[in-house]
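Asks:
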Amino acid sequence: MRIRNSKRPLGVLAAVSSLALVAACSEQQTADDTSAGANENAAAAVEEAQGAASVEDAAAFIEGVETWSRDFGEYGARVAWVQATYINYDTNWLVTRADTEATEMGVKFANQAKRFNDVELPAEMRRKIEAIKLGLNLPAPERPGAAAELAEINTRMGSTYATGKIELDGEEVGRNDLEEMMGTVRDPARLQEIWTKWRAVPIAPNEDGGAMKTDYARMVEIANEGAVELGYDDVGTMWRARYDLPPAEFAAETDRLWGQVKPLYDELHCHVRAKLNEKYGDDIVPLDQPIRADLLGNMWAQSWGNISDLVSPGDADPGYDLTALLLANGYDAKKMVETGEAFFSSLGFAPLPETFWERSQITKPADRQVVCHASAWDLDWKDDIRIKMCTKVNADDFQTVHHELGHNYYQRAYQDQSVLFQTGANGGFHEAIGDMVALSITPDYLKTIGLLDDIPDASADVGLLMNTALEKIAFQPFGLLMDKWRWQVFSGELTPETYNEGWWALRTQYQGIRPPVERAAEDFDPGGKYHIPGNVSYTRYFIANILQFQFHKAACDMAGWEGPLHRCSVYGAKEIGEKFNAMLEMGASKPWPEALEAFTGTREMDGSAVVEYFAPLMDYLKEQNKDRQCGW
Ligand code: X8Z
Ligand code: ZN
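The opening position of the sequence shown corresponds to residue 0 in numbering that gives the first Met the number 0, with each subsequent residue numbered one higher.
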């Protein structure tokens, strides 16, 4: 099990339990059979460390864990890759087997690590011990069979999500295509149909005869039992503990950051609702109610860029549509990835290895089932980096390509770190790298690469900012509530009977949205979002949407940019690339404030760069909303 990527902030072991899900963002594990001997040796070193309490014993223990993790991580990653790119009975079997083994070892290591709690260790060793304790994304208790049951459940949930079949007009439609349709269809009845059918998958009986909610509830029980055995209150506490802060402080920190961007979200919500009301009328969009979730251009109402044509200021049209430009210029999926690579090259990063192009899954294979949710992988802790996408030629996927490549460049940058530190400074960093680069996809940049002929003048700025806000500001409450829901689930505040009700309470409270049709306690709407059956923690994306603006502002300041932030592109700025790389190379070897300081000069996460970036839009929205009744 090697888990490296964004999924697991600290730790190699983490991945394990989500091998099946590893596919998530960019993380994997490993080990291989030629290393069986090495594994035995590692296990022996670990055993020896058992009753020991000296610095030397800790060093031997850590080395054993590193050796095992490096080996098993590669094995697990390759198993997980094959499963994610070819889901069938056998690959599910394999991934369950590898996941079980990884969890069993991860639990063993985490328990053994506790022996060094009171030993005075050099800072780096202490950090490794903590990484080992927090390594598992989902721990299992040590009793026989628990890890296997957990792995089986997780494989089943992941594959149910990825392969669930949905029919429209009597024909099966691909999940990827349905996601895209939510962005283009404008008929409320049709949108409601797609939205509802998507959410029938998690409540349909699965191959086991149960439904996803039953599996999910059992997963919660087992993983919580594992967390308690390791000395944590519950799994949610473990997830929050990965940010170099006491878990309660981290939760307060996310609320503080939300407080910085919420005024902007509130204005955006008010304006979007008013515009949707103009389009759909009072019955469908009443002006004093939360917005119907299926009208926002996205399956989960998490980003709203697809409805920019409905809400953008008519007189501030940016004058171009990136999807149309890509199509008109003959871009295919590969060209989109090459364009992303070229951006990183312009910052001084070495080209992607040949194997990236040979081994990545860039488009959806025609003849087999795969996990289409985009992810970035590092299979050998070194150069075998790849993306797995079902790329479509559109602006959304152009953004996602940069997002995924950001994971890959990060992974390659920290390849010389201990495997225990081969992950993001925190989860938010991993998710922010590619997005930060994508903030430099400005009109100037598009012109430089020949996609755009004329640069729109300053009168288009509100339109440009609106497009970005519909993606990134609209996202923030969703980015926050996904884990708020899970924190409540893991703490027992929500039970299977109240899962769905609790979900919609948060969706309404934070996002100001409502379901298009009444939902029942038997529904399991959280299960319609990849990261829930996938057990990929989600606060990382919320954090990333703060950090990427901080990185962008720092980079533009360094470049001496004096115009508005949204017009700044760091394309070609090698000195910034070098400084960026210095942060990436650190991986998780230091507490994240040090990584942040290395690039931005500050140790605090701070939403004020977001506020500055969108200031002209904020003025516009306030003006638009001045006679409207906002809120829900
Ligand atoms: O899951 C992802 C990436 C892989 S880490 C494609 N994202 C979140 C999502 O799709 O819900 C990126 C944005 C948020
Ligand atoms: Zn990601």
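Backbone N, C-alpha and C fix where the C-beta goes; we use that ideal spot for every residue, glycine too. Because the structure is a prediction, the values reported are computed rather than measured.
List the residues that DSSP assigns as beta-bridge partners of residue 375.
Replies: On the sequence shown, residue 375 is found 376 positions in, with the first residue counted as 1. Residue 375 is bridged to 386.
Asks: Hey, how far is the Cα of residue 23 from the Cα of residue 531?
Replies: Counting from 1 along the sequence shown, the entry for residue 23 is found at position 24. Counting from 1 along the sequence shown, the entry for residue 531 is found at position 532. The predicted model places residue 23 with a pLDDT of 38, which falls under 50 and marks its position as unreliable; any figure quoted below should be read in that light. If I take the Cα positions, the gap works out to 11 Å.
Asks: Under 6 Å Cβ to Cβ from residue 414, same chain only, skipping five residues before and after it: list those, please.
Replies: Walking along the sequence shown from the start, residue 414 turns up at place 415. Same-chain partners within the cutoff: 381.
Asks: Say the cut is 6 Å; is the CB of residue 373 nearer than that to a heavy atom of the ligand X8Z?
Replies: What you label residue 373 is simply residue 374 of the sequence shown in a count that begins at 1. Because some heavy atom of the ligand X8Z lies under 6 Å away, the Cβ of residue 373 counts as near it: yes.
Asks: Please state if the CB of residue 154 and the CB of residue 87 are separated by a distance shorter than 7 Å.
Replies: For the purposes of this step, residue 87 is taken as the residue at position 88 of the sequence shown. For the purposes of this step, residue 154 is taken as the residue at position 155 of the sequence shown. Their beta carbons are not under 7 Å apart, which means residue 87 does not touch residue 154 by this criterion.
Asks: Which two residues bound the contiguous beta strand (DSSP E) that contains residue 583?
Replies: Here residue 583 corresponds to residue number 584 of the sequence shown, with the count starting at 1. Not the beta strand (DSSP E): residue 583 falls in the alpha helix (DSSP H), residues 573-584.
Asks: Within the same chain, show all residues whose beta-carbon is closer than 6 Å to that of residue 259, passing over the 5 residues directly before and after it, in chain order.
Replies: The count along the sequence shown starts at 1 and reaches residue 259 at position 260. 606, listed in sequence order.
Asks: Within its chain, find whatever has a CB closer than 6 Å to the CB of residue 511; leave out the 5 residues flanking it on each side and keep chain order.
Replies: Within the sequence shown, the letter at position 512 stands for residue 511. Same-chain partners within the cutoff: 268, 289, 631.
Asks: Does the ligand ZN have a heavy atom nearer than 6 Å to the CB of residue 430?
Replies: As a first step, residue 430 is located in the sequence shown; it is residue number 431 there, counting from the start. Yes - the ligand ZN has a heavy atom lying nearer than 6 Å to the Cβ of residue 430.
Asks: Excluding the 5 residues flanking residue 431 on each side, which residues of the same chain have their C-beta closer than 6 Å to its C-beta?
Replies: Within the sequence shown, residue 431 is the residue found at index 432, counting from 1. Excluding sequence neighbours, residue 431 sits near 543, 546, 547.
Asks: For residue 139 versus residue 102, is the C-beta distance shorter than 7 Å?
Replies: Taking the sequence shown and counting its residues from 1, one reaches residue 139 at position 140. Taking the sequence shown and counting its residues from 1, one reaches residue 102 at position 103. Yes.
Asks: Based on the DSSP output, what are the partners of residue 290 in its beta bridges?
Replies: Along the sequence shown, one-based indexing puts residue 290 at 291. Answer by DSSP bridge pairing, in chain order: 512.
Asks: Give the straight-line distance between the Cα atoms of residue 394 and residue 180, rounded to the nearest whole angstrom.
Replies: For the purposes of this step, residue 394 is taken as the residue at position 395 of the sequence shown. For the purposes of this step, residue 180 is taken as the residue at position 181 of the sequence shown. Taking the straight line from one Cα to the other gives about 14 Å.
Asks: Using 8 Å as the Cβ pair cut-off and three pairs as the minimum, do the region 600-616 and the region 228-243 touch?
Replies: No, the region 600-616 does not touch the region 228-243.
Asks: Excluding the 5 residues flanking residue 621 on each side, which residues of the same chain have their C-beta closer than 7 Å to its C-beta?
Replies: Numbered from 1 along the sequence shown, position 622 holds the residue referred to as residue 621. 266.
Asks: Say the cut is 6 Å; is the CB of residue 264 nearer than that to a heavy atom of the ligand X8Z?
Replies: Here the question's residue 264 lines up with position 265 in the sequence shown. Not so, every heavy atom of the ligand X8Z lies at least 6 Å from the Cβ.
Asks: Give me, in chain order, the residues of the same chain whose beta-carbon lies closer than 6 Å to that of residue 628; leave out the 5 immediate sequence neighbours on both sides.
Replies: One-based indexing of the sequence shown puts residue 628 at position 629. Around residue 628: no qualifying Cβ.
Asks: What's the C-alpha gap between residue 569 and residue 418?
Replies: In the sequence shown, residue 569 corresponds to position 570, counting from 1. In the sequence shown, residue 418 corresponds to position 419, counting from 1. Approximately 31 Å, taken between the alpha carbons.
Asks: Counting along the chain, where does the beta strand (DSSP E) carrying residue 167 start and finish?
Replies: Within the sequence shown, the letter at position 168 stands for residue 167. Segment 165-167, the beta strand (DSSP E) holding residue 167.
Asks: Grab me the residues of residue 145's own chain with a C-beta within less than 8 Å of its C-beta, minus the 5 sequence neighbours each way, in chain order.
Replies: The residue you call residue 145 lines up with position 146 of the sequence shown. Once the five neighbours on either side are set aside, the close Cβ partners of residue 145 are 139, 221, 224, 225.
Asks: Using the Cα positions of residue 160 and residue 352, report the straight-line distance between them to the nearest angstrom.
Replies: The residue given as residue 160 occupies position 161 in the sequence shown. The residue given as residue 352 occupies position 353 in the sequence shown. Rounded to whole angstroms, residue 160 to residue 352 spans 32 Å at the Cα level.
Asks: Hey, is the region 327-342 in contact with the region 400-408, meaning 3+ C-beta pairs nearer than 8 Å?
Replies: Cβ pair count under 8 Å is three or more, so yes.
Asks: May I have the straight-line CA-CA distance separating residue 555 from residue 85, to the nearest angstrom?
Replies: Counting from 1 along the sequence shown, the entry for residue 555 is found at position 556. Counting from 1 along the sequence shown, the entry for residue 85 is found at position 86. Straight-line Cα distance between these residues: approximately 42 Å.
Asks: Using beta-carbon positions only, say whether residue 57 and residue 108 come within less than 7 Å of one another.
Replies: For this step, residue 57 is matched to residue 58 along the sequence shown. For this step, residue 108 is matched to residue 109 along the sequence shown. No; because the gap between Cβ atoms is not below 7 Å, this pair is not in contact.
Asks: Going by alpha carbons, who is nearest to residue 527 out of 207, 264, 194, 79?
Replies: Indexing the sequence shown from 1 puts residue 527 at position 528. The residue with the shortest Cα to Cα distance from residue 527 is 194.
Asks: Can you give the Cα-Cα distance for residue 467 and residue 390, rounded to whole angstroms?
Replies: One-based indexing of the sequence shown puts residue 467 at position 468. One-based indexing of the sequence shown puts residue 390 at position 391. Between residue 467 and residue 390, the C-alpha separation is close to 21 Å.
Asks: What span of residues does the alpha helix (DSSP H) with residue 172 cover, start to end?
Replies: As a position in the sequence shown, residue 172 is number 173, starting the count at 1. It is not in any alpha helix (DSSP H) - residue 172 instead sits in the beta strand (DSSP E) that spans 170-172.
Asks: Which of the three DSSP states is assigned to residue 360 in this structure?
Replies: In the sequence shown, residue 360 corresponds to position 361, counting from 1. Residue state, collapsed to three classes: strand.
Asks: Quick check: does the Cβ of residue 242 come within less than 6 Å of any heavy atom belonging to the ligand X8Z?
Replies: Numbered from 1 along the sequence shown, position 243 holds the residue referred to as residue 242. Flag unset: Cβ of residue 242 not near the ligand X8Z.
Asks: With distances taken Cα to Cα, identify the nearest neighbour of residue 460 among 318, 322, 371.
Replies: By one-based count along the sequence shown, residue 460 stands at place 461. Here the closest residue by C-alpha is 318.
Asks: Alpha helix (DSSP H) containing residue 307: first to last residue?
Replies: Position 308 of the sequence shown, counted from the start, is the residue given in the question as residue 307. Where residue 307 is concerned, the enclosing alpha helix (DSSP H) stretches over 307-310.
Asks: Using 6 Å as the cut-off, classify the Cβ of residue 540 as near or not near the heavy atoms of the ligand X8Z, replying yes or no.
Replies: Reading the sequence shown from its first residue, position 541 is the one you call residue 540. Because some heavy atom of the ligand X8Z lies under 6 Å away, the Cβ of residue 540 counts as near it: yes.
Asks: Would you check if the distance between the CB atom of residue 178 and the CB atom of residue 298 is smaller than 7 Å?
Replies: Here residue 178 is taken as the residue at index 179 of the sequence shown, counted from 1. Here residue 298 is taken as the residue at index 299 of the sequence shown, counted from 1. In contact: residue 178 and residue 298 (Cβ atoms closer than 7 Å).
Asks: Go through its chain and collect everything with a Cβ distance to residue 148's Cβ below 7 Å, but skip five positions before and after it.
Replies: In the sequence shown, residue 148 corresponds to position 149, counting from 1. Correct list, in chain order: 221.
Asks: Report the three-state DSSP secondary structure of residue 626 (helix, strand or coil).
Replies: Position 627 of the sequence shown, counting from 1, holds the residue named residue 626. Coil at residue 626, not helix or strand.
Asks: Roughly how many whole angstroms lie between the Cα atoms of residue 203 and residue 162?
Replies: Reading the sequence shown from its first residue, position 204 is the one you call residue 203. Reading the sequence shown from its first residue, position 163 is the one you call residue 162. Their Cα atoms are separated by approximately 12 Å.
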